[in-house]
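Q: Going by the UniProt record's numbering, 213 is the number at position 213 of the sequence shown; the sequence numbering is gapless.
All C-beta atoms in this analysis are idealised placements derived from N, C-alpha and C, irrespective of residue type, glycine included.
Since the model is a prediction, treat every value here as computed from it, not as a measurement.
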Amino acid sequence: MADLVHIPSTDRVRRWRRMTGRVEALLPSAEPVRFLTDGGAAVRGKQPYPVPDPELLRRAHRAMVVGRRFDAQATALTKQGRLAVYPSSHGQEACQVGSVLALEDGDWYFPTYRESMALVTRGIDPVEVLSLLRGDAHCGYDPVRHHTAPQCTPLATQTVHAAGVAYAERRKGTGRVALACVGDGATSEGDFHEALNFAAVFKAPVVFLVQNNQYAISVPLERQTAAPSLAHKGIGYGVRSERVDGNDPVAVLAVLAAAVEHARAGHGPFLVEALTYRLESHTNADDASRYRTDAEADEWRGRDPIARLERYLRRRGHLTDADAAAASAEAEEFAARLRDRMNADPELVPLGMFEHVYGTPTPQLDEQRAQLRAEIEAEEALS
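#1: Confirm, please, whether the CB-CB distance from VAL33 to ALA251 is below 8 Å.
#2: Can you list, in chain order, the residues of its chain with a C-beta nearer than 8 Å to that of SER29? Leave out the 5 residues immediately preceding and following it.
#3: What residue range does the alpha helix (DSSP H) around GLN211 cover?
#4: Touch check for the segment 155-165 and the segment 122-134: three-plus C-beta pairs under 8 Å?
#5: Starting from GLU242 and walking both ways along the beta strand (DSSP E), at which residues does that stretch end?
#6: When you compare the CB positions of GLY246 and GLN92, do they come within less than 8 Å of one another, or not?
#7: Cβ of ARG290 within 8 Å of Cβ of SER218?
#8: Tell me, to the nearest whole angstrom, how far the beta carbon of GLY266 is from that of ALA200; I am working on the premise that it is less than 8 Å.
#9: According to DSSP, simplified to helix, strand and coil, what is CYS139?
#10: Please go through the same chain and pick out, in chain order, the residues whose beta-carbon is closer than 6 Å to the beta-carbon of THR280, but skip the five residues on each side of it.
#11: Grab the span of the alpha helix (DSSP H) containing PHE270 for me, first residue to last.
#12: So, under 8 Å CB-CB, LEU309 and HIS61 are touching, yes? Tell me the CB distance rounded to an integer number of Å.
#13: Rounded to whole angstroms, what is the Cα-Cα separation between ALA186 and PHE70?
#14: Hey, would you say HIS282 sits closer than 8 Å to PHE270, going by beta carbons?
#15: In chain order, what residues of the same chain lie with their CB nearer than 6 Å to the CB of ARG195, ignoring the 5 residues before and after it?
#16: Going by the beta-carbon positions, is the gap between LEU101 and LEU56 smaller than 8 Å?
#17: Put LEU230 into one of helix, strand or coil per three-state DSSP.
#18: Would DSSP call VAL100 helix, strand or coil?
#19: With 16 as the cutoff for other CB atoms within 10 Å, does GLY39 come out buried or exposed?
#20: Among all the DSSP beta bridges, which residues are the ones paired with LEU179?
#21: Following the continuous alpha helix (DSSP H) through SER218, name the residue where it begins and the one where it ends.
#22: 8 Å is my cut-off, CB to CB: does PHE208 come that close to chain B?
#23: Give, in chain order, every unbroken run of the alpha helix (DSSP H) that is at least 4 residues long and sits entirely within the segment 306-380.
#24: Would you call the CB atoms of THR78 and VAL85 closer than 8 Å?
#25: Pull up the distance between the alpha-carbon of VAL206 and that of LEU382, whole angstroms please.
#26: Among PRO249, PHE198 and ARG223, whose alpha-carbon lies nearest the alpha-carbon of VAL239?
#27: Between which two residues does the alpha helix (DSSP H) carrying TYR167 extend?
#28: Where does MET1 sit, in a helix, a strand or coil, going by DSSP?
#29: Suppose the cutoff is 8 Å on Cβ atoms and the five residues either side in sequence are ignored; what does the same chain contact list for HIS318 look like?
#30: Quick one, are the C-beta atoms of ALA274 and GLN211 less than 8 Å apart?
#31: Sorry if obvious, but does the Cβ on PHE35 come closer than 7 Å to a heavy atom of the ligand ZN?
#32: Between GLU31, ARG171 and ALA118, which lies nearest to THR148 when the distance is taken from Cα to Cα?
#33: Restricting to Cα atoms, I'd like to know which of ALA166, TYR167, LEU132 and VAL165 is closest to PRO150.
#34: If distances are taken between C-alpha atoms only, which option among GLU115, CYS152 and TRP108 comes closest to ARG176?
#35: Leaving out five residues before and five after VAL97 in sequence, what residues of the same chain have Cβ atoms less than 8 Å from its Cβ?
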């Protein structure tokens with residue numbers, strides 16, 4: 001403290017200005033970045049990010065149409081008893097699809113339990129995607145092959161993994177980045193803050209995408225935080241942050257492209273808060289009518305991401321009736337194939353539950369396996 005007293009006032013002012021400038025560079029936009037109105041018209045004025053290529057927007061439209069149909073089919077499978085649980089992402093299609101299209105094939109993706117649509121967009125077999133939600137003990141797909149971590153049910157634990165993998169890729173000089181998805185509720189977890197701090201200190205090339213769908217199950221956003229926004233949570237850790245209209249596919253793609261490039265260029269992590277809304281309940285086991293109104297959901301239906309992008313593309317001559325019909329037909333075929341494959345009973349290997357539990361099985365595990373084997377053999381002898 002004695003040293004500080006003797007610092008000339010002009011030097012203190014310079015330091016303060018440097019620090020102030022650095023903080024301002026981290027701050028998100030005063031209003032969420034928005035390229036499209038609710039009706040799909042282009043927002044007037046200069047945008048802070050480049051407009052995505054029309055072909056990328058066409059890909060996003062097709063992927064959202066297919067993704068929404070997949071989401072509806074998966075929801076129906078829960079009612080048929082083919083899935084144990086399913087967290088719908090209906091209404092969040094722009095974030096689901098945009099988060100994947102912003103990445104290169106070699107980049108890493110760290111999903112939550114709600115990112116099934118995103119994983120399908122990434123090209124993972126939909127039956128493998130739904131294996132975990134079907135009740136399988138395993139992930140369902142190969143994380144290494146797809147550079148996609150298992151879907152994470154505990155809140156925010158995957159953010160630490162994403163920061164670590166991104167740091168490892170930086171140490172190896174691969175140029176790869178990681179993108180971790182979380183919901184608004186996960187920003188209240190300690191893992192989220194530890195991941196931000198680690199990533200900032202070690203300049204890990206990781207993007208944190210917070211899909212703020214307004215509710216952590218039944219807990220509204222105002223009960224989660226008193227911060228100006230969830231994006232502001234990155235400032236204290238020195239993380240560049242941004243807010244975006246999460247139901248505007250053009251804006252989501254533009255902001256995430258900039259965030260990924262920021263990380264890939266060696267500038268460290270980037271936090272994006274996307275304001276969106278889940279139109280369905282938290283899962284098929286939830287009743288959203290107990291904590292939100294139909295009027296609120298109807299208001300968000302008016303901001304439908306697929307309709308907004310389709311109107312925008314049509315007005316600019318980038319999407320025809322034939323294109324829209326082809327996307328719908330592809331979506332129906334996709335759902336039909338998924339339905340047929342999921343209606344087939346899976347082959348069960350009961351003794352497989354004892355594999356990979358311990359490197360060296362314990363006596364208790366050996367005893368349990370022997371008991372089950374005896375029961376299976378007894379049933380086979382009677383049949």
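A: From the atom records:
#1: yes
#2: PRO48, GLU242 and ARG243
#3: It is not in any alpha helix (DSSP H) - GLN211 instead sits in the beta strand (DSSP E) that spans 206-212.
#4: Of all C-beta pairs linking the segment 155-165 to the segment 122-134, fewer than three are shorter than 8 Å, placing the two stretches out of contact.
#5: 240-245
#6: yes
#7: yes
#8: Their Cβ separation, rounded to whole angstroms, is 13 Å, which puts GLY266 and ALA200 out of contact at 8 Å.
#9: It is coil, neither helix nor strand.
#10: The question names Thr, yet the displayed sequence has Glu at residue 280. Cβ within range, chain order: SER88 and HIS90.
#11: Per DSSP, PHE270 lies in no alpha helix (DSSP H) segment; the continuous beta strand (DSSP E) that holds it begins and ends at 270-275.
#12: 5 Å between Cβ atoms; contact.
#13: Per the coordinates, the alpha-carbon of ALA186 lies some 25 Å from the alpha-carbon of PHE70.
#14: With a cutoff of 8 Å on beta-carbon distance, HIS282 and PHE270 are scored as not near each other.
#15: It is Ala, not Arg, that sits at residue 195 in the sequence shown. Around ALA195: THR159, VAL160 and ALA163.
#16: yes
#17: coil
#18: helix
#19: exposed
#20: LEU179 is bridged by DSSP to TYR109 and VAL207.
#21: Where SER218 is concerned, there is no enclosing alpha helix (DSSP H), given that its DSSP letter is neither H nor E.
#22: The chain inventory of the structure shown lacks chain B, comprising one protein chain alone.
#23: 321-342
#24: With respect to the 8 Å criterion, THR78 and VAL85 are classified as neighbours on the basis of their beta carbons.
#25: 57 Å
#26: Residue PHE198 holds the alpha-carbon nearest to the alpha-carbon of VAL239 among PRO249, PHE198 and ARG223.
#27: 157-172
#28: Model confidence at MET1 stands at a pLDDT of 43, short of 50, so the residue's coordinates are unreliable; what they give is reported in the following sentence. It is coil, neither helix nor strand.
#29: PRO54, LEU57 and ARG58
#30: yes
#31: For the ligand ZN, the structure offers nothing, since it holds no ligand at all.
#32: ALA118
#33: LEU132
#34: Comparing Cα positions, the closest option is TRP108.
#35: Closer than 8 Å at Cβ, skipping near neighbours: ALA60, ALA63, MET64, GLY67, MET117, ALA118, THR121 and PRO249.
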